[in-house]
Each structure stands twice: as structure tokens, then as C-alpha cells.
Amino acid sequence: MAQFEFDYLIVGAGFAGSVLAERLAADLNKRVLIIDRRPHIAGNAFDYYNQEGILIHQYGPHIFHTNSQRILDYLSRFTEWLPYEHRVLADVDGQLLPIPINLTTINKLYHLDLNDAQAEAFLAEQAEHVAEIKTSEDVVVNQIGRALYEKFFRGYTKKQWGLDPSELDKSVTSRVPTRTNHDDRYFLDAHQQMPLHGYTSMFNNILAHDNIKVLLNVDYREVRGRVKFGHLIFTGPIDEYFDYCFGKLPYRSLKFRHVTLDQPQFQSVAVVNYPDEAIEHTRITEYKYLTGQIHHKTALTYEIPQAEGDPYYPIPRPQNAELYKQYQALADATPDVTFVGRLATYKYYNMDQVVGQALATYQRLLATEQASAVLDTVYE
Ligand code: FAD
Ligand code: UDP
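Heads up: the sequence shown begins at 0 in numbering that gives the first Met the number 0, then just goes up one per residue.
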């Protein structure tokens with residue numbers, strides 16, 4: 000059998016690529032080259048200490064949460080954790096109110112003093128029954144009615160996606176539930192914690208294996224045909240891999256405005272959302288809440304949605320799913336390449352879901368490796 004310089008070439012050093020590199024190198028003793036066109040590892044989870052020495056997330060706030068013990072156990076090999084429960088306020092009608100909408104939100108917004116059961120009845124009264132829930136508008140209006148939808152969801156969603164919620168799949172706003180108790184946590188997952196020394200530090204540990212070589216500032220196109228490898232794992236945009244042969248898959252982009260203020264604190268929670276369409280940013284994040292860092296200054300990021308720029312969000316809507324299916328069929332017919340991750344499978348996945356997808360992909364690669372090892376023995 001031919002000897003390649005690397006058994007695997009992995010394009011993209013985010014969660015998808017790095018987890019696979021680690022598994023292949025550590026568990027299967029494979030030689031892996033992992034490349035990224037950015038000047039750093041960790042993909043969109045990349046964090047770093049800014050000029051003032053405050054740990055910030057270059058690509059906006061990344062909060063780790065999962066219900067999977069298996070995924071947590073896997074990542075725990077590479078990091079210690081800082082317990083952190085995420086809380087978000089929305090700037091609505093001149094007040095800062097908890098989102099997901101909860102009992103406090105309703106009482107403060109409408110100057111009421113409802114209990115849980117009364118809030119449930121209140122929302123049931125507001126709700127507009129939608130026979131078949133298809134869109135991001137349907138899901139919210141059906142649950143809490145048009146007034147709250149307009150205040151908390153419509154403007155934010157239009158800014159974030161450049162589309163009206165009625166044009167987006169229901170899965171988008173379904174990410175944000177509604178509660179009639181006082182629980183003001185953004186997530187209810189069993190495990191909510193941040194890597195103690197940050198994401199980049201965790202990725203350094205994931206990739207710290209003698210069988211793994213990391214090459215940064217290098218695009219796949221630059222190494223194609225110049226590196227010998229057995230199998231390719233691609234975690235970049237799938238339409239780009241196939242030269243946009245069926246047309247461009249739409250991705251939503253963001254501009255991040257990073258600011259450091261000469262004061263210890265700016266806002267009362269980690270993230271404040273701005274649903275008002277007249278304000279260009281969707282949210283402001285204050286990192287010290289996420290990282291627990293003590294510092295006399297504070298660092299913020301404003302997120303300003305953009306049509307053009309780095310692809311951050313696959314846009315869930317039927318016509319995009321159809322277009323992706325065409326690329327997926329092509330990917331299925333390209334067995335020497337494995338497509339994995341948020342961009343390569345065009346899925347609006349959280350970090351834990353990408354880790355889960357990468358671990359499952361590893362199991363499939365392992366089965367293929369074992370099958371070909373059996374064949375090698377048979378034909379020896
Ligand atoms: P990526 O992290 O995008 O990594 C892909 C890498 O491939 C990139 O570094 C890219 O440079 C590289 N690449 C692409 N094409 C090429 C090429 N041709 N040549 C070389 N390199 C290439 N998830 C959560 O769980 N919690 C959160 O709070 C959260 N917040 C988020 C906030 C924002 C603003 C964004 C955009 C995402 C957020 N996510 C969050 C999602 C999270 O970022 C993703 O789930 C995760 O980073 C996906 O990992 P990945 O490896 O699939 O992709
Ligand atoms: N959303 C909204 N108002 C909010 C928060 C969220 O309309 O205050 C909608 C919006 O469409 C957003 C989606 O719900 O894109 C999912 O929110 P999430 O906080 O999960 O977004 P992400 O962190 O992935 O950007």
C-alpha cells in the first residue's frame with residue numbers, strides 16, 4: 000500500500016476539524032495535517048487576551064452548554080471548567096427585560112403582578128393559534144401572540160438574518176423558549192460551563208499530539224495537489240469546496256466591533272439584546288461575566304449583522320435546504336472526502352452539536368479503517 004506523508008488532511012481547525020484530528024492521531028495513531036486559512040486555531044470559538052489583557056472572543060460570545068455527558072467528558076480531557084449560567088436582557092420599551100420571556104418579563108413589561116398560573120393564562124390569551132407551524136413567525140405568534148412577537152422577536156430576527164421571521168424555518172426562533180416561572184437562565188442544559196483558561200487554550204491541548212501538524216494562514220486551495228495524504232476531511236463551506244457549481248449557499252455574516260472601556264463594568268449581565276430595528280447591532284456582550292476575569296477595565300463586543308463577509312450562520316429556510324441537498328448528494332458521491340461541521344453540513348449547530356457530529360464521524364472513519372485493515376490482511 001502506498002505510503003502518504005499524511006494519512007489525513009483536515010481543512011479547518013475549529014471544533015469539527017480539531018476533534019477529528021485528535022481522535023485520528025491519539026486513538027488510531029494516524030498522521031494528520033490540519034490547516035486553517037485563519038492565523039489561529041479554534042475556528043469561531045477563538046479567544047485571546049486583547050491589548051488591555053482582557054480575554055475576549057474574536058467572533059462573538061461563545062457559551063458552552065450541553066445535555067450530553069459524553070461530549071462533556073470528551074472535552075474535559077482538555078480543559079478544566081468554570082461554572083457559568085448565561086443570562087440575557089432585552090432592551091424593550093425603554094426597559095431591560097429577561098429573555099427568554101419569563102414571569103418577570105411579563106410582569107415588568109405590563110406592570111402586572113401575575114403568578115405562574117396567571118402568566119400562563121395571560122400568554123394563552125395572547126397566543127394566536129397557527130394550524131401548521133412552519134416559520135419562525137408561526138412558532139412565536141402561536142406561543143405568545145403578536146404583541147410580544149413584535150417587541151422581542153421581529154426586529155431582532157430581521158436584523159440578524161436580513162429576513163422577516165415569516166421567511167425563516169421555525170427552528171430559528173424555536174431556540175428561544177418562553178417560561179411562566181422566574182427562571183431567567185438562557186439555557187436549561189444539564190451542563191453549563193466555560194473552559195477555565197478559554198477556548199484557545201483548550202484547542203491547544205486538543206491539538207497537542209506528536210502525530211498532528213498544524214499549518215495556519217493556509218487555504219486548502221494553496222495545498223491542494225502539493226501535500227500527499229490518504230483522506231480529506233473538509234470543514235469549510237461545502238459550496239466553496241464544489242466551486243459553487245449549483246450556486247452559492249446563503250450564509251449570514253456579522254461585523255464584530257470590539258471595544259474596551261476604562262471602567263470595571265458596563266451592563267448588568269453578559270449579554271443585552273437590542274430588538275429595535277433602528278439600532279444596528281443585535282447584541283452587546285461584556286466578557287468578564289463569561290470568563291470570571293477580574294480587571295479594572297471591561298471589554299465589549301457589538302454584533303452588527305451583514306449580508307457579505309465571513310460565513311457565520313447557515314440560513315435555515317426551505318429553498319436553502321433544497322440547494323444544500325444538491326451539494327450533499329455530490330458529497331455522498333465523493334467518498335474520498337468527509338464533510339463535517341457547521342459550514343460543511345450547512346447546519347445551524349452549537350459547539351456541542353459539532354463535537355457530537357465529529358465524534359460520530361470518527362466512529363464511521365474508524366469502521367472504514369478497520370474494514371480496510373481486514374481487507375489488507377486478506378490480500379497480503
Ligand atoms: P468553524 O468554527 O467555522 O471552523 C471552520 C474553520 O475552517 C474556520 O476556522 C475556517 O477558517 C476554516 N476554513 C474554512 N474553509 C477553509 C479553507 N478553504 N482552507 C482553510 N481553512 C478553511 N455555539 C455554542 O455552542 N454556543 C454559543 O454561544 C455560540 N455562539 C456563537 C456566536 C456566533 C457569533 C457564531 C458565529 C457562532 C456561535 N456558536 C455558538 C456556534 C459555534 O461557533 C459553532 O458551532 C462552531 O464553532 C462550529 O465549529 P466548526 O468546526 O464546524 O466550524
Ligand atoms: N431571537 C430574537 N430575539 C432575541 C433573541 C433571539 O428574535 O432577543 C431570535 C433570532 O432570530 C435569533 C434566534 O432567535 O437569531 C436564535 O437566538 P440565539 O440567541 O440562539 O442566537 P445565536 O446565539 O445563535 O446567534
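We treat Cβ as the ideally placed atom computed from N, Cα and C, and that holds for glycine.
Any heavy atom of the ligand UDP closer than 6 Å to the Cβ of residue i?
i    : result
V353 : no
A277 : no
A89  : yes
Apart from the five residues on each side of it in sequence, which residues of its chain come closer than 7 Å, Cβ to Cβ, to residue i?
i    : result
Q2   : Its pLDDT being 48, under 50, Q2 is placed unreliably by the model, and nothing is read from it.
P310 : P236, Y250, S252, L342
D209 : none
T129 : A small correction: the amino acid at residue 129 is Val; Thr does not occupy that position in the sequence shown. Counting only Cβ-Cβ distances below 7 Å, and skipping sequence neighbours, we find D137, V140, N141.
D115 : L102, T179, N180
E368 : L27
R153 : P164
M0   : With a pLDDT of 42 at M0, under the threshold of 50, the modelled position of this residue cannot be trusted; read the value that follows with caution. Excluding sequence neighbours, M0 sits near D375.
R145 : E127
I211 : A20, A24, V31, I33
A332 : none
F265 : E285, T297, L299
Run the proximity test for residue i: is its beta-carbon closer than 6 Å to any non-hydrogen atom belonging to the ligand FAD?
i    : result
G308 : no
N319 : no
F14  : yes
A44  : yes
D242 : no
T65  : no
D218 : yes
R22  : no
R282 : no
G93  : no
N349 : yes
T234 : yes
H61  : yes
V10  : yes
R380 : The chain is shown from 0 up to 379; residue 380 falls before or after that span and cannot be answered.
R145 : no
Y286 : no
Y311 : yes
R251 : no
D35  : yes
Spatial neighbours of residue i within its chain, please: CB distance less than 6 Å, with the 5 preceding and 5 following residues excluded, ordered by chain position.
i    : result
A370 : none
V18  : V354, A357
Y219 : V10
E21  : I205
I25  : A quick correction: the sequence has Ala, not Ile, at residue 25. For A25, where only same-chain residues beyond five positions count, the Cβ hits under 6 Å are H208.
E136 : P164, S165
G197 : D46, L54
L23  : Y7, K29, V31
A366 : none
H190 : T65, L71
Check whether the Cβ atoms of residue i and residue j lie closer than 7 Å to each other.
i    : j    : result
K158 : P313 : no
A298 : N43  : no
D6   : R30  : yes
P315 : Y155 : no
F241 : F338 : no
G59  : E307 : no
L96  : L108 : yes
F255 : T300 : yes
I70  : D351 : yes
A345 : Y323 : Checking the sequence, you will find Tyr at residue 345 rather than Ala. Yes.
L88  : M193 : no
Y326 : D238 : yes
V91  : K150 : yes
K247 : E51  : no
K169 : I132 : yes
E279 : L195 : no
L215 : P334 : no
I105 : A118 : yes
Please go through the same chain and pick out, in chain order, the residues whose beta-carbon is closer than 8 Å to the beta-carbon of residue i, but skip the five residues on each side of it.
i    : result
V217 : I34, D35, R36
N203 : I40
Mind checking whether the beta-carbon of residue i lies closer than 6 Å to any heavy atom of the ligand PLP?
i    : result
R153 : In the structure shown, the ligand PLP is absent; the only ligands present are the ligand FAD and the ligand UDP.
Original post:
Can you find at least 3 beta carbon pairs, one from the region 83–95 and one from the region 175–192, that sit closer than 8 Å?
Top reply: The region 83–95 and the region 175–192 touch, with no fewer than 3 CB-CB distances between them shorter than 8 Å.
**OP:** Give a yes or no on contact between the region 280–287 and the region 260–271, applying the rule of three or more CB pairs nearer than 8 Å.
**Re:** Output reads yes: the region 260–271 touches the region 280–287.
Original post:
Is it a yes or a no for the region 51–63 touching the region 171–179, going by three-plus beta-carbon pairs under 8 Å?
Top reply: No, the region 51–63 does not touch the region 171–179.
**OP:** Pull every residue with its beta-carbon under 6 Å away from any heavy atom of the ligand UDP, and keep them in chain order.
**Re:** Listed by chain position, these are A89, I98, F151, F152, Y155, T156, Q159, V171, T172, R174, V175, N272, P274.
Subject >> contact_flag[the region 87–105, the region 225–240] where n(CB pairs < 8 Å) is 3 or more >> reply: Output reads no: the region 225–240 does not touch the region 87–105.
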